[in-house]
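Same order as they appear, the protein sequences are chains A and B.
If you're matching positions, the first sequence starts at 0 in numbering that gives the first Met the number 0 and goes up one per residue.
If you're matching positions, the second sequence starts at 0 in numbering that gives the first Met the number 0 and goes up one per residue.
All residues carry an ideal CB built from backbone N, CA and C; glycine is no exception.
Protein chains: 2
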Amino acid sequence: MTPATSPPVVCYDCGSAFSFPERTRCDCGEPLWFDVELEPGDFGAAVYAAVRQEGSDVGPTAADPPASATSIWRYATGLPGVAPVGLASGTGGTPLYRLAALDDYAGCTLRVKHEGVNPTGSFKDRGTAVAVSHVVATGGDWIGTVSHGNMALSTAAYAASAGLECAVFVPAHTPASRLETIGKHGPHVFAVDGDYGRLYEETLALADETGVCFVNSDTPLRVAGQKTVAYEIVEALATDPPDAIALPVSSGGHASGVWKALRELRAVGLLDSLPRIYLVQAAACDPIAAAYREGHAEVTPVTPGETIAVSIANPDPPSGTRALAAVRETGGAVCSVDDDAIGEAGERLATDAGLSVEPSSATALAGVRELARRGEIAPDDSVVLVLTGSGYKYQEAGGGDDQVASVRRVTLDEIAVALEDVTGGDGGQRT
Amino acid sequence: MTPATSPPVVCYDCGSAFSFPERTRCDCGEPLWFDVELEPGDFGAAVYAAVRQEGSDVGPTAADPPASATSIWRYATGLPGVAPVGLASGTGGTPLYRLAALDDYAGCTLRVKHEGVNPTGSFKDRGTAVAVSHVVATGGDWIGTVSHGNMALSTAAYAASAGLECAVFVPAHTPASRLETIGKHGPHVFAVDGDYGRLYEETLALADETGVCFVNSDTPLRVAGQKTVAYEIVEALATDPPDAIALPVSSGGHASGVWKALRELRAVGLLDSLPRIYLVQAAACDPIAAAYREGHAEVTPVTPGETIAVSIANPDPPSGTRALAAVRETGGAVCSVDDDAIGEAGERLATDAGLSVEPSSATALAGVRELARRGEIAPDDSVVLVLTGSGYKYQEAGGGDDQVASVRRVTLDEIAVALEDVTGGDGGQRT
Chain A
0 MTPATSPPVV CYDCGSAFSF PERTRCDCGE PLWFDVELEP GDFGAAVYAA
50 VRQEGSDVGP TAADPPASAT SIWRYATGLP GVAPVGLASG TGGTPLYRLA
100 ALDDYAGCTL RVKHEGVNPT GSFKDRGTAV AVSHVVATGG DWIGTVSHGN
150 MALSTAAYAA SAGLECAVFV PAHTPASRLE TIGKHGPHVF AVDGDYGRLY
200 EETLALADET GVCFVNSDTP LRVAGQKTVA YEIVEALATD PPDAIALPVS
250 SGGHASGVWK ALRELRAVGL LDSLPRIYLV QAAACDPIAA AYREGHAEVT
300 PVTPGETIAV SIANPDPPSG TRALAAVRET GGAVCSVDDD AIGEAGERLA
350 TDAGLSVEPS SATALAGVRE LARRGEIAPD DSVVLVLTGS GYKYQEAGGG
400 DDQVASVRRV TLDEIAVALE DVTGGDGGQR T
Chain B
0 MTPATSPPVV CYDCGSAFSF PERTRCDCGE PLWFDVELEP GDFGAAVYAA
50 VRQEGSDVGP TAADPPASAT SIWRYATGLP GVAPVGLASG TGGTPLYRLA
100 ALDDYAGCTL RVKHEGVNPT GSFKDRGTAV AVSHVVATGG DWIGTVSHGN
150 MALSTAAYAA SAGLECAVFV PAHTPASRLE TIGKHGPHVF AVDGDYGRLY
200 EETLALADET GVCFVNSDTP LRVAGQKTVA YEIVEALATD PPDAIALPVS
250 SGGHASGVWK ALRELRAVGL LDSLPRIYLV QAAACDPIAA AYREGHAEVT
300 PVTPGETIAV SIANPDPPSG TRALAAVRET GGAVCSVDDD AIGEAGERLA
350 TDAGLSVEPS SATALAGVRE LARRGEIAPD DSVVLVLTGS GYKYQEAGGG
400 DDQVASVRRV TLDEIAVALE DVTGGDGGQR T
């Protein structure tokens, strides 16, 4: 089931090819991704069948059936040859909702891909699913990551489900509530005092020395998993692909995966042209948006400010330049939005669409609204927002009292009167 | 698309039939459920096709495709004739995991149905999906519920996504953090001082007066939606149905839905016999378990004590007697477990399976373990646990510090040494 060797990893920029896991960066400094060449026949079970309106008959590669019929393993031929283990087998297959109620607000024809319903509540699970399954397939016992947020939780939970030991490196002074959530799955947590940022890249070299396979945001294994969200979007909208896909951007690994998938689908004839990729950052920490504004070819580090979109506040994104290339090749854009706009967008998703998302996810809606105001997105453009994470993991400790009406419970009639006060007494068709 | 009238509602006990929505209770006092007679041909798209190993060609009943290919709307012929609206269209299709790592702990061949990945993080979404869609289909503007937990959140979010106004009745002194979560979706929240318990049933009569359609735990609309989890379990294990299904029990509505679905599948020849239904309660509040232990035919109210499984602490379950009938007809059992056992089971799910669940969900695992100890469940029995809700909504404010190792960040070598201290230096195959 598992190939003896992984497919090669290649540079999107200069085209150089290398072996994995020995290399994750090109000689030119840019990150590498797996070079998977799709064949229409290979991919018959999923995207290809949907686009061509054919029946599907290709099963998953795993010996056991996946836990979910629409998991990412439908696209196994596009992944680096691993069989799903543990939570991995129920990853992906997330809903794609049409949100007509927010069309006016967003300034386009709006759909959202609700990644918050993955097993640990975020898009990170797609990359983790591939990474954890790879480590098991290649005989490893340990997996590691440098994160104090969604990626840490996802890696710890998936490792637990696959029988792997897990090392998580968090910054010193990470809030205890966050450590509690991650710690439930039993990882070894290391609080790092000092320069946390560079640890991201340095740890990738630790595999040989320590036997721990580090799977940080833009490693080829993660990018391969993150690709599947774009496969799913194109499959769901097979007969009428979206004009654009918008997502928040942090390391650039997610954006890279979306770009890679779209390129693969075009190469095999399943897309005539690439949907435009729009990336959104919080204004307080927007190195990729800054490089885009200033017309630079490369992303350089910024000094971060404070933002409520903490999980995308990355001042030195390791795949930032690749993300910029994705935007430029697809005719998209990068923009940044302030915390007020992010907060408002999050409220609109909650009240008009029933969706509770983390602030980083709301950033994508605020960004699309801003791009529509600027005229970069047209009202009749079909845009899919990727809502990257659930809001249920990020709740404040209080509040909410102000909207509550108190009812002294005496008789049912009094309850009815209280209700009629707000409904006007004609709430339904039966009155 | 929507039938002019709903199917009849019938009594499981005496067989009397009534019209919906006029009646939700039988003259004998027992709750009613929709009487859906499946035909193998009608149900070809899902369970029938899976069991018979045939291709599927029946689409959803909605004009727009559902947001998820494996949503509950695959089973539209088993539901009371409504088209999905808003979040409803992406409900269900949850993963079914095989948890071999916990077989010894549970004392059986263990699988779990992970309901926490529904849109608002709990099994309640299935019932809400049907209820909200029904209210829209019948021209209503308001939906209501009596809950301060998963059902309140689910109803508020789904109502927001469907353009409905929502009234939520919570007990006075509900924690502010919980109101915050529910309140984000903009419902009208009423804090009720006084006897909260009876409000559950009394509000069902308010529709005529106020125009608000109340969809509490065991109303026929909810039970119809809750049925779909059993359809999915049987479909996924089509060629080898489980010996038993175990779930936590509160109102008895969920258990009723599972029982109803299994009866339907047997009636149409898709199950030879019914899997045994095992129900589990927290020892501090276990009216259904008490009635089972004492051999009573009916469930009577108890005085509740404190338990960590707050969302199933229902001292007067409205469908308790029906749930008891489900257990007796299928040869199952009801048991209760103490908070220590619940806590331990939750920890095992987190550390050995990567699953974060609310304490009520962990109750099911603790119960199966207890039943296996008693010999009611055999080691080679195939048992599916329904994990009803995500643990991410129920996080403590602190803790977690005790498991953290501190690393002073000076050199990469020091990081490697810290790692080697825990891995023993041979974590992977590459050392």
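The alpha-carbon of A/P240 is positioned some 46 Å away from that of A/E419. In the structure shown, the three-state DSSP call for B/T306 is coil. Boundaries of the alpha helix (DSSP H) around A/S360: 358 to 372. About 5 Å separates the beta carbon of A/P274 from that of A/A243, a gap short enough to meet the 8 Å contact definition. With a threshold of 16 other beta carbon atoms within 10 Å, B/P30 meets it and is buried. Using a CB distance below 9 Å, the part of the region 207 to 223 of chain A facing chain B consists of D207, E208, T209, G210, V211, C212, ordered along the chain. Between the region 311 to 331 of chain A and the region 269 to 284 of chain A, the count of Cβ pairs shorter than 8 Å is three or higher; the stretches touch. Take the alpha-carbon of A/L95 and the one of A/D379: they are about 19 Å apart.
Sixteen is the threshold: when 16 or more other Cβ atoms of the shown chains lie within 10 Å of the Cβ of A/S121, as they do, the residue is buried. In the structure shown, the three-state DSSP call for A/K123 is helix. In the displayed model, A/D140 falls within coil according to three-state DSSP, outside both helix and strand. Residue pairing by DSSP puts A/V9 in a beta bridge opposite A/A16, A/W32. B/G89 reaches chain A at P94, Y96, H113, counting residues in chain order whose Cβ is nearer than 7 Å. Looking at the backbone, the Cα of B/P303 and that of B/C284 are separated by about 5 Å. As the crow flies, the alpha-carbon of A/G139 is around 14 Å from that of A/L205. One thing to note: A/R347 has its Cβ no nearer than 8 Å to the Cβ of A/Y11. Nearest C-alpha to B/P170 among B/V84, B/A260, B/E357, B/T144: B/T144. Per the Cβ contact rule, the region 220 to 232 of chain B is not in contact with the region 332 to 342 of chain B (fewer than 3 Cβ pairs under 8 Å). Looking at the DSSP output, B/Q280 bridges to B/S335.
Looking at the DSSP output, B/A245 bridges to B/Y277, B/L384.
Under the Cβ criterion (8 Å, minimum of three pairs), the region 156 to 164 of chain A counts as touching the region 117 to 131 of chain A. Here A/R372 is exposed. Its C-beta has fewer than 16 other C-beta atoms within 10 Å.
For the pair of segments examined, the region 304 to 323 of chain A was found to touch the region 348 to 368 of chain A: the number of CB pairs separated by less than 8 Å reaches three. No Cβ-Cβ contact shorter than 8 Å links B/P83 with A/V116. At a Cβ-Cβ threshold of 8 Å, B/V228 and B/E375 do not count as neighbours.
Taking A/T23 as the centre and dropping the five residues before and after it, the same chain places the C-beta of V8, P30, L31, L203, T218, P219 closer than 8 Å to its C-beta, in chain order. Taking a C-beta distance under 8 Å as the contact criterion, A/G390 and A/S355 qualify as a contact pair.
For A/L264, same chain residues with a beta-carbon under 8 Å away, outside a window of 5 residues either side, are L37, V46, A229, Y230, V233, L270 in chain order.
Comparing alpha-carbon positions, the option among B/D34, B/G345, B/A296 lying closest to B/A322 turns out to be B/A296.
Excluding five sequence positions before and after B/I311, the CB atoms of its chain that fall closer than 8 Å to its own CB belong to P247, V248, S249, Q280, A281, C284, S359, T362, given in chain order. The secondary-structure analysis by DSSP pairs A/C212 across a beta bridge with A/I142. A/A171 sits in coil when the DSSP states are folded into three classes, being neither helix nor strand.
A residue is called buried when at least 16 other Cβ atoms come within 10 angstroms of its Cβ; A/E293 does not meet this threshold and is exposed. One alpha carbon belongs to A/E179, the other to A/G77, and they sit about 35 Å apart.
Contact annotation: A/G256 and A/S216 have beta-carbon atoms that are not nearer than 8 Å.
Counted as a single uninterrupted DSSP element, the beta strand (DSSP E) harbouring A/T108 occupies residues 108 to 113.
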